[in-house]
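As you go down the protein sequences, you meet chains A and B in turn. Just so we're aligned, residue 1 is where the first sequence starts under our numbering, counting upward by one. Just so we're aligned, residue 260 is where the second sequence starts under our numbering, counting upward by one. Below you'll find the structure, written out as structure tokens, and then a few comments.
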Amino acid sequence: MAKRIDVTNLNIYYSKFHAVSDVNFTIAPRSVTAFIGPSGCGKSTVLRTLNRMHEVIAGARVEGKVALDGEDIYANGVDPVDVRRTIGMVFQRPNPFPTMSIYDNVVAGLKLRGGRMSKSQLDGVVENSLRAANLWEEVRNRLNKPGAGLSGGQQQRLCIARAIAVEPAVLLMDEPCSALDPISTLAIEDLIQELKEKYTIVIVTHNMQQAARVSDHTAFFNLSGIGKPGQLVEIDETEKIFSNPSDKRTEDYISGRFG
Amino acid sequence: MTAVSAPSTLTASRGRGMRKFKNNLAAVLVTLAFLIALVPLVWLLYTVIGKGIRGLTRNGFLTQDLGVRTFQDAGGGVVHGIIGTLEQVAVTTVIAVPIALLVAVYLVEYGHGWLARATTFMVDVLTGIPSIVAALFIYAIFFVHFGAQFAGIWVSLALLMLMIPVVVRTTEEMLKLVPNELREASYALGVPKWKTVLRIVLPTAFTGIVTGVVLGIARVAGETAPLLILDKYTTHTNWNPFTGYQAALPLVIKDQVSNLGSSFSFTGGTATNFAPERMWGAALTLIILVMLLNLIARLIGRFNKIAD
Chain A
1 MAKRIDVTNL NIYYSKFHAV SDVNFTIAPR SVTAFIGPSG CGKSTVLRTL
51 NRMHEVIAGA RVEGKVALDG EDIYANGVDP VDVRRTIGMV FQRPNPFPTM
101 SIYDNVVAGL KLRGGRMSKS QLDGVVENSL RAANLWEEVR NRLNKPGAGL
151 SGGQQQRLCI ARAIAVEPAV LLMDEPCSAL DPISTLAIED LIQELKEKYT
201 IVIVTHNMQQ AARVSDHTAF FNLSGIGKPG QLVEIDETEK IFSNPSDKRT
251 EDYISGRFG
Chain B
260 MTAVSAPSTL TASRGRGMRK FKNNLAAVLV TLAFLIALVP LVWLLYTVIG
310 KGIRGLTRNG FLTQDLGVRT FQDAGGGVVH GIIGTLEQVA VTTVIAVPIA
360 LLVAVYLVEY GHGWLARATT FMVDVLTGIP SIVAALFIYA IFFVHFGAQF
410 AGIWVSLALL MLMIPVVVRT TEEMLKLVPN ELREASYALG VPKWKTVLRI
460 VLPTAFTGIV TGVVLGIARV AGETAPLLIL DKYTTHTNWN PFTGYQAALP
510 LVIKDQVSNL GSSFSFTGGT ATNFAPERMW GAALTLIILV MLLNLIARLI
560 GRFNKIAD
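Written out as structure tokens, the structure is:
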């Protein structure tokens, strides 16, 4: 179910602004890859191009190739809606649908896609997804309460449950813990370790300890200057990036001597 | 302050009295402005309730029409006006709300180019159109060209032009308040855009949209100019807005006004002119009607929140 991602010569533009230049990497299935780097270096932008979410912003466009198990997601005739059904996403701020209960939030993807499922099937999906997101025990008795009534950490796990309820092949996480307290962060990090058994996970984080804790591979993005496009400096095994990076800039950044 | 032991700069600061004075002055001015703004509202309510309650509570006021009664005959009510107003406003609402919602959705979710800018401009212009101009427009089209006869439906069409921009504007604002993150969350689940708008954006903005619709209704319910141009008053109840004269509460009020100063002779006793109490009663009825609509809208909003 989990799939490999190949990115080749990826260039991203916002109208005329060249945001990210010439990125190449491969992400193995059933692994966690962390994107780190200073603000504005394009790591979130690259993440969003992996499921064509950048297209929501007017004027954003992409050159190059992003392939999912060899299949180009930017090929002619590929519908971004289908891409996003295969590649799920969790956002920086928890964003459960405020008009829906916990239950409806989890099955929102299935229901809104228009698939017909019986009540018992949906019940099963809700329980499995919430269990997978380590939220089941906390909410099993109030599934019909609004999702917005949960704590921030619970809301974020609800959003993860919502994302995996539609059984994606890849899960993209855009700074999923930056709005959470340390305990909720720990819960999410543990969860990422469990999810990687089934999914390919890409996570953007500003927290280098977090990257070191959760990821198998780490990609370091950087800017060569203000107004210049962001670029991928290096991608390697997390252990190597944090102990013996091959690029001087990576070393400067992770040791805090950046700039 | 609490720093008593040492004469600190906090307590000794010069101009402190002045600052406090300014602060209090501002507070007083703001409160005063609020009270002044309240005066006409309270005064109006006091007058209308005080003068209208007698007529309103008369037996049959809300269950009968005036029929053949003149201003000197006791009894009767304004039910012909209530029915006319309700029907005309209902027809307007049924047509205006879908159009306005679609326009607002287009402007917020889809429109980017010149068409969106043109639409926004048109809505702005329409917002400022005087009701009598809207009425004349309908008159010019349907009466002059197609030989239409006076009826409630033409009033509804004129009100349409007044209601649509109000609902478009408020709905637009409400849709803009829906956080983009919710749209993105929906897209990221592989939900197409139209379904995101229909199932995520509109339900999230539902309460605000209902408020906008009620504001629109309140805006048109008391309109008089279209009634004077496109309809004629009758004292009989007409359930059919498409044919025949149809009364409406503002027309009832206006008809009473024309009888206010009527003098009449009556042999062998004193007579009463019922026009004033009917007029104020009808005015109070109109206010209560709009208030009820407001209340219903709030209840819908509340209900929606609980159902979350």
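All residues carry an ideal CB built from backbone N, CA and C; glycine is no exception.
Check, Outcome
"Complete alpha helix (DSSP H) runs within the stretch 83–159 of chain A (minimum length 4 residues, chain order)", "102–112, 119–132, 136–139"
"Chain A contact for residue 454(B) (CB, 8 Å cutoff)", "yes"
"Neighbouring residues, chain A, relative to residue 463(B) (Cβ below 7 Å)", "98, 99"
"Backbone secondary structure at residue 10(A) - three-state DSSP", "strand"
"Length of the line joining the Cα atoms of residue 111(A) and residue 68(A)", "25 Å"
"Reduced DSSP category for residue 61(A) - H, G, I as helix; E, B as strand; rest coil", "strand"
"Any C-beta of chain A under 8 Å from that of residue 371(B)", "yes"
"Residue 303(B) and residue 540(B) closer than 8 Å at C-beta", "no"
"Beta-carbon spacing of residue 14(A), residue 64(A) below 8 Å", "no"
"Expected contact under 8 Å - CB spacing of residue 553(B) and residue 473(B) to nearest Å", "6 Å"
"Cα-Cα separation, residue 565(B) to residue 452(B)", "Per-residue confidence for residue 565(B) stands at a pLDDT of 47, beneath the threshold of 50, marking its modelled position as unreliable; the derived number appears in the next sentence. Distance between the alpha carbons of residue 565(B) and residue 452(B): 27 Å."
"Cut-off 7 Å between Cβ atoms - residues of its own chain near residue 469(B), not counting five sequence neighbours on either side", "556, 559, 560"
"Under 9 Å by beta carbon: chain B residues contacting residue 91(A)", "440, 443, 444, 447"
"Proximity test, Cβ basis, 8 Å: residue 46(A) and chain B", "no"
"Expected contact under 8 Å - CB spacing of residue 143(A) and residue 103(A) to nearest Å", "4 Å"
"Interface flag, residue 367(B) vs chain A, CB-CB below 8 Å", "no"
"Proximal chain A residues relative to residue 451(B), where beta-carbon distance stays under 7 Å", "81"
"Buried or exposed by the 16-neighbour rule on C-beta atoms within 10 Å, applied to residue 277(B)", "exposed"
"Span of the alpha helix (DSSP H), counted from its first residue to its last, around residue 518(B)", "508–518"
"8 Å Cβ cutoff, residue 567(B) in contact with chain A", "Because residue 567(B) carries a pLDDT of 41, less than 50, the predicted location of this residue cannot be relied on, and the following value inherits that uncertainty. Output row for residue 567(B): interface = yes."
"Stretch pair the stretch 433–444 of chain B + the stretch 456–465 of chain B: three plus CB contacts closer than 8 Å", "yes"
"Short CB-CB distance (under 8 Å) between residue 556(B) and chain A", "no"
"Exposure of residue 514(B), with buried meaning 16 or more beta-carbon neighbours within 10 Å", "buried"
"Cut-off 6 Å between Cβ atoms - residues of its own chain near residue 567(B), not counting five sequence neighbours on either side", "With a pLDDT of 41 at residue 567(B), under the threshold of 50, the predicted position of this residue should be treated as unreliable, and no value is reported."
"Residue of 181(A), 157(A), 167(A) minimising C-alpha distance to residue 137(A)", "157(A)"
"Any 3 or more C-beta pairs closer than 8 Å across the stretch 118–134 of chain A and the stretch 203–218 of chain A", "no"
"Residue closest to residue 352(B), alpha-carbon to alpha-carbon, out of 511(B), 423(B), 381(B)", "423(B)"
"Rounded C-alpha distance that separates residue 70(A) from residue 383(B)", "52 Å"
"Cβ pair count under 8 Å reaching 3, the stretch 24–33 of chain A against the stretch 193–202 of chain A", "yes"
"Residues in the stretch 146–171 of chain A having any Cβ partner in chain B nearer than 8 Å", "146, 148, 159, 162, 163, 166"
"Backbone CA spacing between residue 397(B) and residue 416(B) [nearest angstrom]", "7 Å"
"Contact the stretch 72–83 of chain A vs the stretch 152–169 of chain A: 3+ CB pairs below 8 Å", "no"
"Cβ separation of residue 534(B) and residue 330(B), assumed to be a contact under 8 Å, to the nearest whole Å", "4 Å"
"Within chain B, the residues that residue 88(A) reaches when beta carbons sit closer than 9 Å", "447, 448, 449"
"is_contact[residue 112(A), chain B] using C-beta, thresh 8 Å", "yes"
"C-alpha distance - residue 517(B) paired with residue 487(B), whole-angstrom precision", "14 Å"
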